[in-house]
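When we follow the numbering used here, the leftmost residue of the sequence shown carries the number 2, and every step to the right adds one. Glycine is no exception: its CB is placed at the ideal position from the N, C-alpha and C atoms. Since the model is a prediction, treat every value here as computed from it, not as a measurement.
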Amino acid sequence: MRLVDAVKYRLPLAGVVSILHRASGLLMFVLLPFIVWLFDTSISSEISYDSFTSAFVAGIGFVPAWAVKLVVLALIWALLHHLIAGVRHVWMDATHSVSKAQGHNSAVFTLASSVLLTVALGAKLFGLY
């Protein structure tokens with residue numbers, strides 16, 4: 002296949018969800034040390050909890066607070082998308098639903114629900130409510 006053909010190819014929505022499922026899993030794996038640090042800092046003591054909350058107000062070292070929030074927002078999306086796409090795969094395996102229409106509909110639901118939930122939690126993270 003030539004490069005021109007690869008650029009013209011339009012991946013079905015179910016394929017996009019599948020690739021994003023893998024990307025979200027990779028993102029969570031790569032950021033696992035950050036997740037562990039967040040968890041450990043949030044539960045160790047009152048003083049460490051204060052440093053945890055200050056990371057979202059003042060930042061961490063040279064990293065500003067807005068960048069910390071963006072990384073956490075990316076983690077929120079990764080977790081939600083990976084969870085919903087995983088449930089989608091389990092449901093398809095359990096019900097043997099592998100039709101093109103069902104794959105498209107479940108892909109739309111997966112994308113829409115993960116984005117809507119991420120926007121709602123992101124609004125809370127950035128203090129909009």
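Whole-number beta carbon distance between residue j and residue i, since they are thought to touch under 8 Å
{"i": "residue 77", "j": "residue 119", "result": "6 Å"}
{"i": "residue 53", "j": "residue 69", "result": "Going by Cβ atoms, the distance from residue 53 to residue 69 rounds to 11 Å, so no, they are not a contact pair."}
{"i": "residue 18", "j": "residue 108", "result": "4 Å"}
Beta bridge counterpart(s) of residue i as assigned by DSSP
{"i": "residue 61", "result": "64"}
Own chain, CB closer than 7 Å to residue i, minus 5 neighbours either side, in chain order
{"i": "residue 73", "result": "126"}
{"i": "residue 59", "result": "66"}
{"i": "residue 115", "result": "78, 81, 82, 85"}
{"i": "residue 89", "result": "107, 111"}
Beta-carbon proximity list for residue i, same chain, < 8 Å, skipping 5 on both sides
{"i": "residue 92", "result": "98, 107"}
{"i": "residue 96", "result": "none"}
{"i": "residue 43", "result": "49, 50, 53"}
{"i": "residue 130", "result": "124"}
{"i": "residue 20", "result": "12"}
Cβ-based neighbour list, residue i, same chain, cut-off 6 Å, excluding 5 preceding and 5 following
{"i": "residue 123", "result": "74"}
Reference residue i; option with closest CA among the options
{"i": "residue 14", "options": "105, 46, 89", "result": "105"}
{"i": "residue 117", "options": "88, 81, 23", "result": "81"}
{"i": "residue 16", "options": "86, 64, 45", "result": "86"}
{"i": "residue 35", "options": "115, 71, 121", "result": "71"}
{"i": "residue 24", "options": "46, 83, 102, 130", "result": "83"}
{"i": "residue 38", "options": "28, 61, 27", "result": "61"}
{"i": "residue 79", "options": "94, 3, 27", "result": "27"}
#### Entry: In chain order, each alpha helix (DSSP H) run of at least 4 residues that lies wholly inside the segment 23-47
Qualifying alpha helix (DSSP H) stretches, in chain order: 33-44.
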